[in-house]
DNA sequence: CGCCAGGTATGAT
DNA sequence: ATCATACATGGC
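This is the structure we're talking about:
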């Protein structure tokens with residue numbers, strides 16, 4: 007029986023399933039009662055909806071507010087963002103399909119590393135590889151979960167060491183990212199201070215990080231909500247819905263628009279045929 | 001079995 | 001600059 011120890015009030019709009027299963031994160035698992043359990047830093051956290059509130063297990067009230075309000079983007083004005091999005095007919099459909107999506111503020115390194123693994127891969131297998139990565143090199147946490155291993159831990163490994171991960175050609179990319187990040191050759195704090203375009207260029211110095219992975223890392227790990235990752239699904243969306251590109255007034259929130267569109271297109275593949 | 005997956009690096013036009 | 005292809009592995 008889960009003991010909920012904190013409550014976040016007024017989490018609207020917010021939906022756990024839509025937020026955790028829309029493809030932005032890979033480590034939140036559904037319970038049998040509508041709850042979700044995941045790892046934030048060194049904490050195993052369970053969340054459950056109670057009306058307009060979120061019940062939190064794994065943190066006390068002060069920690070929950072301090073850590074989860076930013077993590078869950080509860081400080082972002084989604085009412086205003088959605089109101090803007092609804093003025094666009096195409097986007098309105100996607101928003102109405104999953105009104106409870108929020109783009110999370112994840113850990114920078116975790117987002118970068120996870121989306122390196124994501125390239126030319128399917129989400130089911132990404133989840134498996136990330137979980138194995140954590141269980142093998144992260145620190146054990148309650149409930150059989152593990153922390154996401156820091157770059158300094160992975161930096162000392164070899165491709166051979168990573169073989170059990172079954173990450174294929176991405177292994178060398180993971181190691182290059184770990185080494186450059188751990189050494190400060192690519193300094194994520196510095197990246198965070200750069201203008202978006204320069205930040206992306208800096209991340210692209212890592213082997214296996216191209217513009218799409220860089221934009222994912224920036225959007226999900228640095229909360230640069232103007233970043234628009236374009237993968238195979240978004241290519242279909244853009245060509246069928248926005249052949250002229252996203253309307254200019256949406257560009258400041260392109261990353262969030264992308265999240266609704268990405269989720270909608272994956273759920274309605276027939277609408278976006280080649 | 002064959003095609004595809006939240007792409008990128010590399011080498012050829 | 002733009003375009004094709006290889007890349008590891010496994011889901012479906």
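Numbering (our numbering), first residue to last: 7 to 280.
For each residue, glycine too, the CB sits at the ideal point set by N, CA and C.
Predicted model, so just to flag it, every value in this text is computed and none were measured.
DSSP-derived helix/strand/coil call for residue i
{"i": "residue 93", "result": "coil"}
{"i": "residue 60", "result": "strand"}
{"i": "residue 150", "result": "helix"}
{"i": "residue 246", "result": "helix"}
{"i": "residue 109", "result": "coil"}
{"i": "residue 18", "result": "coil"}
7 Å Cβ shell around residue i - same chain, five flanking residues per side excluded
{"i": "residue 148", "result": "50"}
{"i": "residue 246", "result": "278"}
{"i": "residue 139", "result": "155 and 171"}
{"i": "residue 237", "result": "218"}
{"i": "residue 101", "result": "88, 91, 92 and 266"}
Spatial neighbours of residue i in its chain, beta-carbon cut-off 6 Å, leaving aside the 5 residues before and after
{"i": "residue 106", "result": "19, 20, 21 and 24"}
{"i": "residue 259", "result": "87 and 231"}
{"i": "residue 80", "result": "17"}
{"i": "residue 96", "result": "247"}
{"i": "residue 120", "result": "32 and 136"}
{"i": "residue 143", "result": "155 and 159"}
{"i": "residue 179", "result": "122, 213 and 214"}
Length of the line joining the Cα atoms of residue i and residue j
{"i": "residue 168", "j": "residue 103", "result": "39 Å"}
{"i": "residue 40", "j": "residue 201", "result": "39 Å"}
{"i": "residue 83", "j": "residue 235", "result": "22 Å"}
{"i": "residue 283", "j": "residue 239", "result": "For residue 283 there is no data in the structure shown, the boundaries of the chain being 7 and 280."}
{"i": "residue 158", "j": "residue 186", "result": "10 Å"}
{"i": "residue 226", "j": "residue 206", "result": "13 Å"}
{"i": "residue 229", "j": "residue 111", "result": "6 Å"}
{"i": "residue 56", "j": "residue 10", "result": "11 Å"}
{"i": "residue 243", "j": "residue 108", "result": "20 Å"}
{"i": "residue 77", "j": "residue 114", "result": "12 Å"}
{"i": "residue 292", "j": "residue 137", "result": "This structure leaves residue 292 out entirely; the chain is present only between 7 and 280."}
{"i": "residue 36", "j": "residue 43", "result": "6 Å"}
{"i": "residue 125", "j": "residue 61", "result": "34 Å"}
{"i": "residue 252", "j": "residue 274", "result": "20 Å"}
Boundaries (first-last residue) of the alpha helix (DSSP H) holding residue i
{"i": "residue 211", "result": "Where residue 211 is concerned, there is no enclosing alpha helix (DSSP H), given that its DSSP letter is neither H nor E."}
{"i": "residue 167", "result": "165-168"}
{"i": "residue 140", "result": "129-143"}
{"i": "residue 217", "result": "217-222"}
{"i": "residue 189", "result": "177-189"}
{"i": "residue 117", "result": "114-123"}
{"i": "residue 261", "result": "260-273"}
{"i": "residue 195", "result": "194-199"}
{"i": "residue 157", "result": "157-161"}
In DSSP terms, what residue i is bridged to
{"i": "residue 36", "result": "42"}
{"i": "residue 54", "result": "61"}
{"i": "residue 126", "result": "DSSP lists no partner for residue 126."}
Enclosing beta strand (DSSP E) for residue i [first to last residue]
{"i": "residue 12", "result": "12-14"}
Beta-carbon contacts of residue i that lie in its chain and below 8 Å, excluding the five residues immediately before and after
{"i": "residue 209", "result": "118, 192, 197, 215, 219, 220, 223 and 224"}
{"i": "residue 177", "result": "165, 168, 169 and 171"}
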